[in-house]
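In the numbering used here, the protein residues as written are -16 to 406.
Just so you know, even glycine gets a beta-carbon here, dropped at the ideal spot from N, CA and C.
Note that this is a predicted model, so its numbers are computed, not measured.
For reference, the structure is listed below as C-alpha cells.
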Amino acid sequence: MSFFKRLKDKLMGNPAEEEKLDATDNEQESDHSEPEFKESNEPAAIETVDLKVSEQDEESPEMAIVKEVDVEAEPSPEIEEAQLDLQELAVVEDEPLEEKKPSAWSITQKFKAGLEKTRNSFTSKVNDLVARYRKVDEDFFEELEDLLLQADVGFETVMELMDKLRYEVQRKNIKDTNGIQAVISEKLVEIYEQGEEDIIELTMQPDGELTVILFVGVNGVGKTTTIGKLAHRLKSQGKTVVLAAGDTFRAGAIDQLQVWGDRVGCEVIKQSEGSDPAAVMYDAIRAAKNRKADVLICDTAGRLQNKVNLMNELEKVHRVISREIPNAPHEVLLALDATTGQNALVQAQTFKEATNVTGIVLTKLDGTAKGGIVLAIRNKLHIPVKFVGLGEKMDDLQPFDAERYVYGLFADGLDKELQNNDE
-16 MSFFKRLKDK
-6 LMGNPAEEEK
4 LDATDNEQES
14 DHSEPEFKES
24 NEPAAIETVD
34 LKVSEQDEES
44 PEMAIVKEVD
54 VEAEPSPEIE
64 EAQLDLQELA
74 VVEDEPLEEK
84 KPSAWSITQK
94 FKAGLEKTRN
104 SFTSKVNDLV
114 ARYRKVDEDF
124 FEELEDLLLQ
134 ADVGFETVME
144 LMDKLRYEVQ
154 RKNIKDTNGI
164 QAVISEKLVE
174 IYEQGEEDII
184 ELTMQPDGEL
194 TVILFVGVNG
204 VGKTTTIGKL
214 AHRLKSQGKT
224 VVLAAGDTFR
234 AGAIDQLQVW
244 GDRVGCEVIK
254 QSEGSDPAAV
264 MYDAIRAAKN
274 RKADVLICDT
284 AGRLQNKVNL
294 MNELEKVHRV
304 ISREIPNAPH
314 EVLLALDATT
324 GQNALVQAQT
334 FKEATNVTGI
344 VLTKLDGTAK
354 GGIVLAIRNK
364 LHIPVKFVGL
374 GEKMDDLQPF
384 DAERYVYGLF
394 ADGLDKELQN
404 NDE
C-alpha cells in the first residue's frame, strides 16, 4: 500500500459524516451552554516555575536535572492556593459521563490543531524553502537540516533523516521539490516506528487483575493533570480507577490530585503531607484490591533535596509495588513538558537510569513551536511516546500516533498532495 493510500485511510475516516456530528453537537451545546472560560496555561505556569533552566545548564545534563530538583524554591502557600483555585474552577468544564468514541477524522483534527504552533513555525519555513529551491540539491538538504534542528528533532535523528532522504531522492530520481514534503513525512514516520507495532498501547492486565501505572517526572510538567486526564480516559472505557497520592513532599500536591479525583469520579488514597510515599502505595494497592479496581494510577514526587534522594525514593516505591504485586508496576510513564525542548531529553535520560520507564507522556505539545522533540526522544532513548497533551480539555490527552503527528506537522502541504494524488 502506498504511503498516500495508507495515510488517507488512517487519517481521514469519513470527514463529511464527522462534520454532521459536530454540527449536531454544537446545536445541542448552544441550547445548554455553560460559562465560557478562556483556556489558559496559568496553572502550568505556576507549577513550572521550578523547571526554568538556563541555556548554559543545557550543556550539562547533570546540572540541568540538579537545578530542577535542588535549587528549586518551595512554593508559597499563596501560589499553591491560587493553583488549586484555578483547578477547582476548571471543574465547571466537566465533560459528559458517557463519552462517544471519537472518529478517525476528529482525532486527526486534534493532532492538526495541537501542532499548530510547531507547524506555523517549522512548516512555513519548509514551504518557503521549497518555494525558493525548485531543484533538490545539496544546498536544499543543508537548509532543511538546519530547519529540523531548530524544531528540536535532534542531531542523530536529523542525520538519519538526511541519509534516508538523499537515498530516496536518488532512487526515485527526484529532480524538483514538488511532493518533497510527502517524502519527508514518510521517512519521519519510518524513523519513529523503526519496525515496531502497537507501541502506544498500555500494558493492561486481564479482567479481574489489577493494573498498576506509575507516573514519574519532575515538578511542573503537568504530571498530576495528566493523571486526571488518563483516569478520565480509562473510566470512559468502563474501567474502575483508583488514584494514589504519592507526591507527599510538594505542598498542595495531594489536594490537587483530590480535585482531579472528584472531577473524574475516582477514589484517591492519600495520607498527610510529608508521609512516606511507599506507605501510601502500600495502602493504595490494598484499597484497590479490596474495591476490585481495574487500574491503580500512582502519583510520585518530582523533587526532593537532591537528585540522589529523588531517585532513591522512586526505587523504594517501585520495590514496594513489586513486592505486593509481582511484575508491577505494569507501566512506568514519564511525564515530560514539550515546551522545555532538549531539557525534556535530559530528564528522560536521567529517569531512565533510575526507573524502568516504559513510555513517555509528552505534555503541552500544543504550547510549543519545537514539537520535533517527539522524534528526538524516540530515536535517541528508544522509549515510545504513548500519549501527548494537545490542549487543556479533558479529552485532549491522546494516544500518540506517528502518522497523525507527521500529518500535524505538514498538514497544509499534505492536504494538497493527497488531493492531487486522488486526481
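Measuring CA to CA, which of the options is closest to residue i?
{"i": "Thr231", "options": "Gly248, Ala394, Gly285 and Val247", "result": "Gly285"}
{"i": "Glu199", "options": "Ala352, Glu192 and Ile210", "result": "According to the sequence as given, residue 199 is Val; it is not Glu. Answer by Cα proximity: Ile210."}
{"i": "Asp159", "options": "Ile196, Val119 and Thr140", "result": "Val119"}
{"i": "Leu279", "options": "Leu193, Ile237 and Gly350", "result": "Leu193"}
{"i": "Leu397", "options": "Asp111, Ile90 and Glu169", "result": "Glu169"}
{"i": "Ile366", "options": "Lys376, Lys335 and Gly355", "result": "Lys335"}
{"i": "Ser219", "options": "Ile360, Glu143, Cys249 and Thr351", "result": "Cys249"}
{"i": "Thr223", "options": "Val247, Asp238, Val242 and Gln241", "result": "Val247"}
{"i": "Asp111", "options": "Leu98, Glu126, Glu99 and Glu121", "result": "Glu126"}
{"i": "Val204", "options": "Ile167, Met377 and Gly372", "result": "Gly372"}
{"i": "Asn362", "options": "Met142, Gly350, Leu380 and Leu197", "result": "Met142"}
{"i": "Thr140", "options": "Gln153, Ile167 and Ala114", "result": "Ile167"}
{"i": "Thr341", "options": "Ala165, Leu197 and Asp135", "result": "Leu197"}
{"i": "Gly324", "options": "Pro309, Ser89 and Thr346", "result": "Thr346"}
{"i": "Arg149", "options": "Glu121, Val225, Ala165 and Leu240", "result": "Glu121"}
{"i": "Cys281", "options": "Asn273, Gly221, Arg274 and His301", "result": "His301"}
{"i": "Arg412", "options": "Trp243, Leu240, Val225 and Gln241", "result": "It is not possible to answer for residue 412, since the shown part of the chain is limited to -16 through 406."}
{"i": "Leu185", "options": "Arg387, Ile163 and Leu213", "result": "Leu213"}
{"i": "Val113", "options": "Arg154, Tyr388 and Gly162", "result": "Gly162"}
{"i": "Lys299", "options": "Tyr265, Thr207 and Thr322", "result": "Tyr265"}
{"i": "Ile356", "options": "Ile90, Thr322 and Ser89", "result": "Thr322"}
{"i": "Gly244", "options": "Thr208, Ala359, Val136 and Ile343", "result": "Thr208"}
{"i": "Ile308", "options": "Phe393, Ala134, Lys272 and Gln153", "result": "Lys272"}
{"i": "Ile343", "options": "Arg154, Lys206, Ala276 and Gln153", "result": "Lys206"}
Are there 16 or more other CB atoms within 10 angstroms of the CB of residue i, so buried, or fewer, so exposed?
{"i": "Pro189", "result": "exposed"}
{"i": "Asn156", "result": "exposed"}
{"i": "Tyr390", "result": "buried"}
{"i": "Val74", "result": "With a pLDDT of 42 at Val74, under the threshold of 50, the predicted position of this residue should be treated as unreliable, though the coordinate-derived value follows. Exposed, since its Cβ has fewer than 16 Cβ neighbours within 10 Å."}
{"i": "Phe94", "result": "buried"}
{"i": "Met294", "result": "buried"}
{"i": "Ala267", "result": "buried"}
{"i": "Arg408", "result": "Absent from the structure is residue 408, since the part of the chain shown begins at -16 and ends at 406."}
{"i": "Gly191", "result": "exposed"}
{"i": "Thr351", "result": "buried"}
{"i": "Gly97", "result": "buried"}
{"i": "Gln164", "result": "buried"}
{"i": "Gln239", "result": "buried"}
{"i": "Gly221", "result": "exposed"}
Kindly list the residues whose CB is nearer than 6 Å to the CB of residue i, restricted to its own chain and excluding five residues on each side of it in sequence; keep chain order.
{"i": "Ile407", "result": "It is not possible to answer for residue 407, since the shown part of the chain is limited to -16 through 406."}
{"i": "Glu63", "result": "Its pLDDT being 48, under 50, Glu63 is placed unreliably in this model, and the coordinates cannot settle the point."}
{"i": "Ala270", "result": "Ile252"}
{"i": "Tyr116", "result": "Phe123 and Thr160"}
{"i": "Glu61", "result": "Below a pLDDT of 50, predicted positions are generally treated as unreliable, and Glu61, at 38, falls in that range; the measurement from the model is reported next regardless. Contacts found: none."}
{"i": "Lys108", "result": "Leu130"}
{"i": "Ala65", "result": "Only weak support is given to the placement of Ala65: the predicted model assigns it a pLDDT of 41, under 50, and the value that follows is read from those uncertain coordinates. Nothing listed; no residue qualifies."}
{"i": "Asp277", "result": "Lys222 and Thr223"}
{"i": "Lys353", "result": "Ala134, Asp135 and Gly324"}
Within its chain, find whatever has a CB closer than 7 Å to the CB of residue i; leave out the 5 residues flanking it on each side and keep chain order.
{"i": "Leu297", "result": "Val199, Thr283, Ala337 and Thr338"}
{"i": "Met145", "result": "Phe124 and Glu128"}
{"i": "Ala311", "result": "Val195, Ile304 and Ser305"}
{"i": "Leu364", "result": "Ala331, Gln332 and Lys335"}
{"i": "Leu358", "result": "Val136, Gly137, Thr140, Leu171, Ile174 and Tyr175"}
{"i": "Val152", "result": "Val119"}
Leaving out five residues on either side along the sequence, give the residues of the same chain with a beta carbon under 8 Å from the beta carbon of residue i.
{"i": "Glu173", "result": "Lys147"}
{"i": "Val263", "result": "Ala227, Ala228, Gly229, Thr231, Ile252, Lys253 and Gln254"}
{"i": "Phe138", "result": "Leu132"}
{"i": "Asp379", "result": "Lys93, Gly97, Lys212, Asp349, Gly372 and Leu373"}
{"i": "Leu(-6)", "result": "Ala87, Trp88, Thr91, Glu386, Arg387 and Tyr390"}
{"i": "Gln241", "result": "Ala228, Val251 and Lys253"}
| Taking only runs of the beta strand (DSSP E) that begin and end inside the stretch 148 to 231, which ones reach a length of at least 3 residues, in chain order? | If we require 3 residues or more, the beta strand (DSSP E) runs fully inside the stretch 148 to 231 come out as 194 to 199 and 224 to 228.
| query | Should the stretch 96 to 106 be called in touch with the stretch 327 to 342, which here means at least 3 C-beta pairs below 8 Å? | reply | no
| Hey, is the stretch 244 to 259 in contact with the stretch 219 to 231, meaning 3+ C-beta pairs nearer than 8 Å? | yes
| field | Complete runs of the beta strand (DSSP E) confined to the stretch 317 to 359 [at least 3 residues] | value | For the stretch 317 to 359, whole beta strand (DSSP E) runs of length 3 or above, ordered along the chain, are 342 to 346.
| field | Cβ pair count under 8 Å reaching 3, the stretch 168 to 178 against the stretch 297 to 316 | value | no
| task | Could you pull out every unbroken alpha helix (DSSP H) segment of at least 4 residues lying fully inside the stretch 92 to 125, listed in chain order? | result | 107 to 115
| message | Please give me, in chain order, every unbroken run of the alpha helix (DSSP H) with length at least 4 that falls completely inside the stretch 355 to 391. | response | 356 to 364
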